[in-house]
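Participant: With full-length UniProt numbering applied, the sequence shown has no gaps in its numbers, which climb one by one up to 526 at the end.
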Amino acid sequence: PVLVVDFGAQYAQLIARRVREARIYSEVVAHDAPLEEITAKNPAAIILSGGPASVYADGAPTVDENLFDLGVPVFGICYGFQKMASALGGVVANTGGSEFGRTTLTVSGDGALHRGLPETQPVWMSHNDAVQTPPDGFAVTASTPGAPVAAFECVERRMAGVQYHPEVMHSPHGQEVLTRFLYEVAGLEPTWTAANIAEALIADVREQVGDGLAICGLSGGVDSAVAGALVQRAIGDRLTCVFVDHGLLRAGEREQVQNDFVAATGARLVTVDAEETFLGHLDGVSDPETKRKIIGREFIRSFEGAVSDVLGDQAADGKKVDFLVQGTLYPDVVESGGGSGTANIKSHHNVGGLPEDLEFKLVEPLRLLFKDEVRAVGRELGLPEEMVARQPFPGPGLAIRIVGAVTKDRLDLLRKADLIAREELTAAGLDGQIWQCPVVLLADVRSVGVQGDGRTYGHPIVLRPVSSEDAMTADWTRIPYEVLETISTRITNEVPDVNRVVLDVTSKPPGTIEWE
Ligand code: XMP
Numbered sequence: 011p012v013l014v015v016d017f018g019a020q021y022a023q024l025i026a027r028r029v030r031e032a033r034i035y036s037e038v039v040a041h042d043a044p045l046e047e048i049t050a051k052n053p054a055a056i057i058l059s060g061g062p063a064s065v066y067a068d069g070a071p072t073v074d075e076n077l078f079d080l081g082v083p084v085f086g087i088c089y090g091f092q093k094m095a096s097a098l099g100g101v102v103a104n105t106g107g108s109e110f111g112r113t114t115l116t117v118s119g120d121g122a123l124h125r126g127l128p129e130t131q132p133v134w135m136s137h138n139d140a141v142q143t144p145p146d147g148f149a150v151t152a153s154t155p156g157a158p159v160a161a162f163e164c165v166e167r168r169m170a171g172v173q174y175h176p177e178v179m180h181s182p183h184g185q186e187v188l189t190r191f192l193y194e195v196a197g198l199e200p201t202w203t204a205a206n207i208a209e210a211l212i213a214d215v216r217e218q219v220g221d222g223l224a225i226c227g228l229s230g231g232v233d234s235a236v237a238g239a240l241v242q243r244a245i246g247d248r249l250t251c252v253f254v255d256h257g258l259l260r261a262g263e264r265e266q267v268q269n270d271f272v273a274a275t276g277a278r279l280v281t282v283d284a285e286e287t288f289l290g291h292l293d294g295v296s297d298p299e300t301k302r303k304i305i306g307r308e309f310i311r312s313f314e315g316a317v318s319d320v321l322g323d324q325a326a327d328g329k330k331v332d333f334l335v336q337g338t339l340y341p342d343v344v345e346s347g348g349g350s351g352t353a354n355i356k357s358h359h360n361v362g363g364l365p366e367d368l369e370f371k372l373v374e375p376l377r378l379l380f381k382d383e384v385r386a387v388g389r390e391l392g393l394p395e396e397m398v399a400r401q402p403f404p405g406p407g408l409a410i411r412i413v414g415a416v417t418k419d420r421l422d423l424l425r426k427a428d429l430i431a432r433e434e435l436t437a438a439g440l441d442g443q444i445w446q447c448p449v450v451l452l453a454d455v456r457s458v459g460v461q462g463d464g465r466t467y468g469h470p471i472v473l474r475p476v477s478s479e480d481a482m483t484a485d486w487t488r489i490p491y492e493v494l495e496t497i498s499t500r501i502t503n504e505v506p507d508v509n510r511v512v513l514d515v516t517s518k519p520p521g522t523i524e525w526e
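1. Pick helix, strand or coil for Gly107, following the three-state DSSP scheme.
2. Taking buried to mean at least 16 other C-beta atoms within 10 Å of its own C-beta, is Thr154 buried or exposed?
3. Closest by CA to Ser296, which one among Ile410, Asp507, Pro176, Leu339?
4. For Phe110, count neighbouring Cβ atoms within 10 angstroms of its own Cβ and tell me buried if that reaches 16, exposed if not.
5. Which runs of the alpha helix (DSSP H) fall wholly inside the segment 66 to 125 and span at least 4 residues, in chain order?
6. Let me know the secondary structure DSSP gives Ser296 once reduced to three states.
7. Mapping the DSSP letters down to three states, classify Asp332 as helix, strand or coil.
8. Apart from the five residues on each side of it in sequence, which residues of its chain come closer than 7 Å, Cβ to Cβ, to Ala431?
9. With a floor of 3 residues, list each beta strand (DSSP E) that falls wholly inside the segment 224 to 288, ordered by position along the chain.
10. Check whether the segment 157 to 165 and the segment 71 to 79 touch, using three or more Cβ-Cβ pairs below 8 Å as the test.
11. Taking C-alpha atoms, which residue in Asp323, Val282, Glu299, Asp293 lies nearest to Ile310?
12. Here's a check: name, in chain order, each residue in its chain whose Cβ is nearer than 6 Å to the Cβ of Phe148, leaving out the five neighbours to either side.
13. Does the separation of the CB atoms of Ala140 and Gly107 fall below 8 Å?
14. Sort out for me which residues DSSP pairs Asp485 with in a bridge.
15. Taking all protein chains shown into account, decide if Val511 is buried (16 or more other Cβ within 10 angstroms of its Cβ) or exposed.
16. Pull up the DSSP beta-bridge partners for Tyr467, would you.
17. Using only CA atoms, which one of Val195, Pro158, Val178 lies nearest to residue 4?
18. Among residues of its own chain, excluding the 5 on either side of Val280, which ones have a beta-carbon nearer than 8 Å to its beta-carbon?
19. Decide if Val65 is buried, meaning its Cβ has at least 16 other Cβ atoms within 10 Å, or exposed.
20. Expressed to the nearest angstrom, what Euclidean distance is found between the alpha-carbon atoms of Leu393 and Pro145?
21. For Val476 versus Thr466, is the C-beta spacing smaller than 8 Å?
22. Distance, Cα to Cα, Asn269 vs Arg278?
23. The ligand XMP and Arg302: does any heavy atom of the ligand fall closer than 7 Å to the residue's C-beta?
24. How many Å lie between Ile355 and Lys371 at the Cα?
25. In the DSSP assignment, find the beta strand (DSSP E) that holds Gln185 and state where it starts and stops.
26. What do you get for Lys426, buried or exposed, if any count of 16 or more other CB atoms within 10 angstroms of its CB means buried?
27. Counting C-beta neighbours from all protein chains within 10 Å, is the total for Gly69 16 or more, i.e. buried, or is it exposed?
28. Please report the residue range of the beta strand (DSSP E) in which Ala161 lies.
29. Grab me the residues of Glu286's own chain with a C-beta within less than 8 Å of its C-beta, minus the 5 sequence neighbours each way, in chain order.
30. Looking at the ligand XMP, does it come within less than 7 Å of Lys381, judged from the CB to the closest heavy atom?
31. Would you mind stating whether Ala481 and Pro402 have Cβ atoms separated by less than 8 Å?
32. Any idea what DSSP makes of Ser498, helix, strand or coil?
Structure follows, in structure tokens:
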């Protein structure tokens, strides 16, 4: 892999993603990882990320300088660029030329990184210190007003670096520069493709599971579907998928899992019909946290019930189910310190709350992938586009999109409104711009309207379209008025008891994405 050494910047994961966009596999490692750990990973190149500190500050994050002698190509970014300069004998100092935000880069000389790109170009900066003198043998190939040495390279040693952040969108040629480092300076080949990834992951699962049996909870979401499809490809009918229909799903989701997923993968599927149980327990409950707790608890009960059926079934052949498949992704792994195994399950993962005495070993085939890669692998495995491209959907489902108590009628009504919104957003080609668009029913609110010639006293529907990279923060999506108009007209005409459609224009923070 290409290793991204994390100096505590918020950008290390983003750099790894950008490397993968150049079709080269990349992982993040902590800056204090021992050199043996780094060499054990057999790095094809090392990228030193940005960081908050000055390289000369007390306690500044550092890295074992022997890594510059491994003969492995190295690329430094921002703090990593300065670290590289000082480790290799250059000079870094604070000369008062701080730059934060957009600045203009001027390309000089004929370096590999910027050759043929515009002579001046905007780049994104964030630094106080700057490199004064490059290390011996390094050519300076660009400058900015605050950084006379804004890029350097030594192609013979396969090393280069830039003061600016090539990984962010605000550096429009950044991806090109990073790619040139990888291809031209480091001499790497773009082999990280969906087909290769899928093949490698399938082989890994085969090795991990051996001739054992596995079980996978499908939520209807992308991650569990792709994880299930991969494991099915690896071990066939030794995998059983379990799908709990709690009656809180959106229109078409159950059919998607039962028909499309099974058709695309050939997986063995057990569906648990639990609508009555869930709605029974939710009867009269309006408090959001209470709803969530009830749903979490009942989900685990249903799943456990199904698992013991499957266990009984398969144990008849004298075998035991040893493995539980989870759709954990790389950002979860990095955020929890990159540790391995069971400690990393987020509590909101659908079956994360399973009791420990079930003693499953986890199979997490997606634990090194980002979401867009999961989607690409899903396509590679033949999963239908509606499944692969779908928006994130919360485990507690539509129950937390009804403000007020949950009833079958209210769910049916919300399902209709949600389907209309989804259809129109897709038809307008907006899926790529929208992270997700919760549609919320304000069941405890009524307002006066007029429809036909009569007065109505109905409920509002809220549209909550958001754009986001990771759901941690979000902005409301500026949907064209015509699209909003179509959605509003259709919902008020087609959904009984709804006489008003409103738009949520709150970012996160302060609002969360979901209303409950
Ligand atoms: P909030 O509402 O906290 O949501 O801004 C952030 C993201 O998480 C999703 N979400 C959940 N996903 N189980 C899940 O699997 C949950 O209980 C849950 N609650 C929120 C939400 O849809 C958004 O993508």
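Every residue, glycine too, gets a C-beta built ideally from N, C-alpha and C. From a predicted model like this one, the values you see are computed outputs, not experimental measurements.
Facilitator: Reading it off the structure:
1. It is coil, neither helix nor strand.
2. Burial call: buried.
3. Nearest in C-alpha terms to Ser296, of all of Ile410, Asp507, Pro176, Leu339, is Ile410.
4. Per the 10 Å Cβ criterion, exposed.
5. The qualifying runs are 89 to 97.
6. In the three-state reduction of the DSSP assignment, Ser296 falls in the coil class, being assigned neither a helical nor a strand state.
7. In this structure, Asp332 counts as strand in the three-state DSSP scheme.
8. Result list for Ala431: Cys447, Val449, Leu473, Ile497, in chain order.
9. Listed in chain order, they are 249 to 255, 278 to 283.
10. Contact fails: fewer than three Cβ-Cβ distances are below 8 Å.
11. The option with the nearest alpha carbon to Ile310 is Val282.
12. Around Phe148: Phe162, Cys164.
13. Here Ala140 is near Gly107, since their CB atoms are less than 8 Å apart.
14. Its beta-bridge partners are Ser477.
15. Per the 10 Å Cβ criterion, buried.
16. Looking at the DSSP assignment, Tyr467 forms a beta bridge with Val458.
17. Nothing in the structure corresponds to residue 4, since the chain is present only between 11 and 526.
18. Scanning its chain for C-beta atoms nearer than 8 Å, with the 5 sequence neighbours on each side dropped, one finds around Val280 the residues Thr250, Cys251, Val252, Phe253, Ala316, Asp319, Val320, in chain order.
19. With 16 or more Cβ atoms within 10 Å of its Cβ, Val65 is classed as buried.
20. The straight-line gap from Cα to Cα measures roughly 51 Å.
21. At the C-beta level, Val476 and Thr466 stay beyond 8 Å of one another.
22. When rounded, the distance between both Cα atoms is 12 Å.
23. Checking the Cβ of Arg302 against the ligand XMP gives yes.
24. The predicted position of Ile355 is uncertain, since its pLDDT is 29 and thus under 50; a value taken from the coordinates is nonetheless stated next. A direct Cα-to-Cα measurement between Ile355 and Lys371 gives close to 12 Å.
25. Note, Gln185: premise wrong, no beta strand (DSSP E); alpha helix (DSSP H) at 184 to 190.
26. So Lys426 ends up on the buried side.
27. So Gly69 counts as exposed.
28. Counted as a single uninterrupted DSSP element, the beta strand (DSSP E) harbouring Ala161 occupies residues 157 to 164.
29. Result list for Glu286: Gly257, in chain order.
30. Result no, Cβ not under 7 Å from the ligand XMP.
31. Cβ distance < 8 Å, so Ala481 and Pro402 count as in contact.
32. Helix.
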